[in-house]
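These protein sequence lines are chains A and B, in that order.
1 is the number of the first residue of the first sequence in the working numbering; add one for each residue after it.
71 is the number of the first residue of the second sequence in the working numbering; add one for each residue after it.
Note that beta-carbon positions come from the ideal geometry of N, C-alpha and C, so glycine has one too.
This structure is a prediction, so every number in the text was calculated from the model and none was measured.
Heads up: the structure comes next, in structure tokens.
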Amino acid sequence: MTRADRTADDPPFDVPDAIAALGPGVADDVRRLVHEARARQADEIASSLEQALVVVPRPARPLVRKVVLG
Amino acid sequence: MSAPTPSPSPAAHAELHRLARRLGVDVGDLAVLRDAPVDALRELRVRASDDLDAHGEAGLRRLAALARRLPGPIAAVVAERALGPALCARAAPYMDATAVGNLVPRMSLEFLTGVVLTMETRRIVHLLAVIPDDTLADVSVELERREAWMTIGDITGHLDPGPLRVALAAITDNSVLQALPWIEDEATVTRVADALAPDRAALRRTMSDRTA
């Protein structure tokens with residue numbers, strides 16, 4: 001799944017009324033920033049879980065794999 | 071000629087920086103929010119932070135589980151080499167005090183400071199208590215060296231009186247004053263003033279003057 005796909009599938013961020021009231025387009029801008037942050041975070045978590053398997057000593061890898069894969 | 075746009079108030083300025091940090095963007099990317107009232111910015115920051123936590127929760131819980139299930143030295147290697155400080159900070163709310171207590175002494179000062187710089191303090195209050203006093207003092211000095219006034223201001227609001235005294239004792243009067251505008255509310259300013267050592271009466275008076 002690409003970052004763009006994931007962003008498109010995400011439920012919309014609920015922008016506070018007081019922010020949306022600032023002007024047209026503000027809510028959309030804020031929503032975009034939050035959705036991009038969600039996507040970045042998901043990528044970082046996935047990448048870190050993969051990297052965890054690489055950096056641990058070989059005997060610990062089965063345990064890490066179990067935790068990482070759930 | 072249009073009137074110049076007023077600068078955000080210091081409190082709104084601080085909220086914009088907190089929001090930018092949480093979203094992982096430059097504060098300049100939030101120019102559209104420049105005129106937002108501070109209460110609205112605070113609500114947005116908390117809501118955005120909760121949203122990101124909810125969306126990342128499953129993955130963050132797995133990262134936290136690594137800290138709980140791996141031996142301390144290996145968990146520290148995973149934290150520093152696989153997660154990095156920002157993800158460690160986000161996974162921290164899902165760690166228990168025992169796991170954090172095993173990790174902290176094994177982390178380098180530079181890494182631990184990086185974690186503190188990116189953590190959402192209000193979500194890890196239960197973990198701050200397990201940080202040893204000498205480590206807290208070292209981190210405070212490192213934050214001071216990096217001129218991380220916003221972070222110093224933020225954590226003062228969440229430390230218990232004992233650790234707060236330790237953190238404040240480690241930094242200079244000037245640093246306390248630099249952090250002052252970043253402290254979220256008046257009650258915390260009072261707590262900070264009360265936690266200062268008796269021989270820092272001049273600093274206490276200056277704080278009082280600046281917040282009057």
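Exercise for the section: Using a Cβ cut-off of 8 Å (strictly closer), state whether A:ARG58 contacts chain B. Expected result: Closer than 8 Å: no.
Practice task
Report yes if the C-beta distance between B:VAL209 and B:LEU250 is below 8 Å; otherwise report no.
Solution key: The answer is no: Cβ separation not under 8 Å.
Exercise for the section: Could you tell me if B:GLY126 is buried or exposed, where buried requires 16 or more neighbouring beta carbons within 10 angstroms of its beta carbon? Expected result: Around the beta-carbon of B:GLY126, 16 or more other beta-carbon atoms lie within 10 Å, marking it buried.
Practice task
Using beta-carbon positions only, say whether A:VAL67 and B:ARG132 come within less than 8 Å of one another.
Solution key: For the 8 Å CB-CB criterion, A:VAL67 and B:ARG132 form a contact.
Practice task
Would you grab the beta carbon distance between B:GLY227 and B:GLU190 for me? Rounded to a whole angstrom, and I think it's under 8 Å.
Solution key: Rounded, the Cβ-Cβ distance is 12 Å, inconsistent with contact.
Practice task
Could you tell me the distance, in whole angstroms, from the CA atom of B:ARG275 to the CA atom of B:LEU198?
Solution key: Counting only the Cα atoms, B:LEU198 lies some 29 Å from B:ARG275.
Practice task
Using only alpha-carbon positions, find the residue among B:MET277, B:GLU256, B:THR260, B:VAL236 that is nearest to B:VAL246.
Solution key: Looking at the Cα atoms, B:MET277 is the closest of the given residues.
Exercise for the section: Would you mind reading off the limits of the alpha helix (DSSP H) that contains B:PHE181? Expected result: DSSP places B:PHE181 inside the alpha helix (DSSP H), whose first and last residues are 179-188.
Handout entry: Rounded separation between A:GLY25 and B:ALA159 - CA only
Key = Distance between A:GLY25 and B:ALA159, taken at the CA atoms: about 32 Å.
Handout entry: Contact under 8 Å by Cβ, A:LEU33 with B:LEU157
Key = Going by beta carbons, A:LEU33 and B:LEU157 fall outside the 8 Å limit.
Problem - Under 8 Å between C-beta atoms of B:THR188 and B:ARG91 - result: Yes, the Cβ-Cβ distance between B:THR188 and B:ARG91 is below 8 Å.
Handout entry: Assigned secondary structure, B:SER245 (DSSP; H/G/I helix, E/B strand, else coil)
Key = In the structure shown, B:SER245 sits in a helix (DSSP, three-state: H, G or I).
Exercise for the section: At 7 Å on the CB atoms, spell out the chain A contacts of B:ALA146, in chain order. Expected result: Neighbours of B:ALA146 on chain A: none; closest Cβ ~11 Å, over 7 Å.
Problem - Simplified DSSP state of B:ASP228, which is helix, strand or coil - result: Sequence inspection shows His at residue 228 of chain B; the Asp mentioned does not correspond to that position. Coil.
Problem - Run of the alpha helix (DSSP H) containing B:SER278, from where it starts to where it stops - result: Following the DSSP letters along the chain, one finds B:SER278 inside the alpha helix (DSSP H) bounded by residues 271-281.
Problem - First and last residue of the uninterrupted alpha helix (DSSP H) at B:GLY126 - result: Where B:GLY126 is concerned, the enclosing alpha helix (DSSP H) stretches over 108-139.
Exercise for the section: Could you tell me whether the region 114-129 of chain B touches the region 36-53 of chain A, where touching means 3 or more Cβ pairs closer than 8 Å? Expected result: When Cβ pairs closer than 8 Å are counted between the two stretches, the region 114-129 of chain B is seen to touch the region 36-53 of chain A, the count reaching three or more.
Exercise for the section: Assign B:PRO155 to one of three DSSP states: helix, strand, or coil. Expected result: DSSP places B:PRO155 in helix when its eight states are reduced to three.
Exercise for the section: Show which residues of chain B have a CB atom less than 7 Å away from the CB atom of A:PRO16. Expected result: Here the neighbours are ALA110, GLU113, LEU114, ARG117.
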